[in-house]
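A.B. asks:
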Amino acid sequence: MIGFTQLMQLMEVDCRATAPSGIGYKLIVVPELRAVYRGVVEKLLELVDGVRHPLVCPGRAARPGGNIFNSTTPIALTNLDIQPDLTLTPKLNDAAIYFVHRVIDGADIYSVMNALRKSVDVVISVRALPLSLHQTPLEH
Numbered sequence: 543m544i545g546f547t548q549l550m551q552l553m554e555v556d557c558r559a560t561a562p563s564g565i566g567y568k569l570i571v572v573p574e575l576r577a578v579y580r581g582v583v584e585k586l587l588e589l590v591d592g593v594r595h596p597l598v599c600p601g602r603a604a605r606p607g608g609n610i611f612n613s614t615t616p617i618a619l620t621n622l623d624i625q626p627d628l629t630l631t632p633k634l635n636d637a638a639i640y641f642v643h644r645v646i647d648g649a650d651i652y653s654v655m656n657a658l659r660k661s662v663d664v665v666i667s668v669r670a671l672p673l674s675l676h677q678t679p680l681e682h
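Right, here's the structure in full:
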C-alpha cells in the first residue's frame with residue numbers, strides 16, 4: 543500500500559509503475575472509493591498510458607482481459623494468472639509480517655520485516671524462477 547505522495551512519484555519503467563527507490567509494481571490495486579482526488583486519477587491515467595501494450599497475446603485469444611471490478615485482490619491475481627513472488631504464512635494469525643521486493647543489478651532482493659516486538663514462526667515461500675546462464679543455485 544502506498545500513499546498519495548508515493549503514488550505521485552511513480553513513473554512507468556519497463557511496463558511497471560516504478561518508484562524513485564527502484565521498487566516496481568506490475569499491478570496497481572485501487573480500492574473502491576466514493577471520491578478520488580483529480581491528481582490521483584490523472585496520475586493513474588498517466589501510468590496506464592505509458593505502458594507499452596502488447597499487440598498480440600498468444601494462447602489467450604479466447605480469454606477476456608482488461609479491468610477487473612468487484613473482486614478481491616487474490617481472486618483478481620488468480621484471474622490474471624499472476625503468481626506471487628513471495629508468500630508469507632504465519633503459524634498464528636496475529637503476525638504482522640511485511641516484505642519489499644527490489645531488483646538490483648538483475649538480482650531479486652527481498653527484505654522481510656516483523657512488525658511485532660516478539661518472535662514469530664512463519665513459512666516463507668518464494669516463487670521459483672528459471673535460472674539464467676549467469677545464475678547458480680544456492681548451496682545448502
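Take 543 as the starting number for the sequence shown in the numbering used here and just add one per residue. The beta carbon of each residue, even a glycine, is placed where N, CA and C say it ideally should be.
Rounded to the nearest angstrom, how far is the Cβ of Leu622 from that of Leu589, given a contact under 8 Å?
C.D. replies: Counted from its first residue, the sequence shown places residue 622 at position 80. Counted from its first residue, the sequence shown places residue 589 at position 47. Not a contact, Cβ separation roughly 17 Å.
A.B. asks: Under 8 Å: do the region 653 to 667 and the region 571 to 582 share three or more Cβ pairs, one atom per stretch?
C.D. replies: Touching, no, given that fewer than three Cβ pairs across the two stretches are closer than 8 Å.
A.B. asks: Does Ala559 pass the burial test, meaning 16 or more other C-beta atoms within 10 Å, or should it be called exposed?
C.D. replies: Translated into positions along the sequence shown, residue 559 becomes position 17. With 16 or more Cβ atoms within 10 Å of its Cβ, Ala559 is classed as buried.
A.B. asks: Per DSSP, what kind of secondary structure is Arg659 in: helix, strand or coil?
C.D. replies: Here residue 659 refers to the residue found at position 117 of the sequence shown. The answer is coil: DSSP assigns Arg659 none of H, G, I, E or B.
A.B. asks: Check whether the Cβ atoms of Leu586 and Val572 lie closer than 8 Å to each other.
C.D. replies: For this step, residue 586 is matched to residue 44 along the sequence shown. For this step, residue 572 is matched to residue 30 along the sequence shown. Their beta carbons are under 8 Å apart, which means Leu586 touches Val572 by this criterion.
A.B. asks: Assign Asp650 to one of three DSSP states: helix, strand, or coil.
C.D. replies: Here residue 650 refers to the residue found at position 108 when the sequence shown is read from its first residue. Reduced to three states, the DSSP call for Asp650 is strand.
A.B. asks: Tell me whether the beta-carbon of Cys639 lies closer than 8 Å to the beta-carbon of Val664.
C.D. replies: Looking up residue 639 in the sequence shown gives position 97. Looking up residue 664 in the sequence shown gives position 122. Note on residue identity: the sequence assigns Ile, not Cys, to residue 639. Result yes, Cβ atoms of Ile639 and Val664 sit closer than 8 Å.
A.B. asks: Could you give the residue range of the alpha helix (DSSP H) that holds Ile617?
C.D. replies: Reading the sequence shown from its first residue, position 75 is the one you call residue 617. Unbroken alpha helix (DSSP H) run through Ile617: 615 to 621.
A.B. asks: What three-state label does DSSP hand Gly590 in the structure shown?
C.D. replies: Residue mapping note: residue 590 aligns to position 48 of the sequence shown, counting from 1. Just to set this straight, residue 590 is Val in the shown sequence, not Gly. Residue state, collapsed to three classes: helix.
A.B. asks: Quick one, which of Ala637, Leu658, Leu630 has its alpha-carbon nearest Arg669's?
C.D. replies: In the sequence shown, residue 669 corresponds to position 127, counting from 1. Cα-wise, what sits closest to Arg669 is Leu630.
A.B. asks: Name the DSSP bridge partner or partners of Thr629?
C.D. replies: Counting from 1 along the sequence shown, the entry for residue 629 is found at position 87. Ser667, per the DSSP bridge assignment.
A.B. asks: Go to Leu549, then tell me how far its alpha helix (DSSP H) extends in each direction, as first and last residue.
C.D. replies: As a position in the sequence shown, residue 549 is number 7, starting the count at 1. It spans 546 to 551 - the alpha helix (DSSP H) in which Leu549 sits, taken as one unbroken run.
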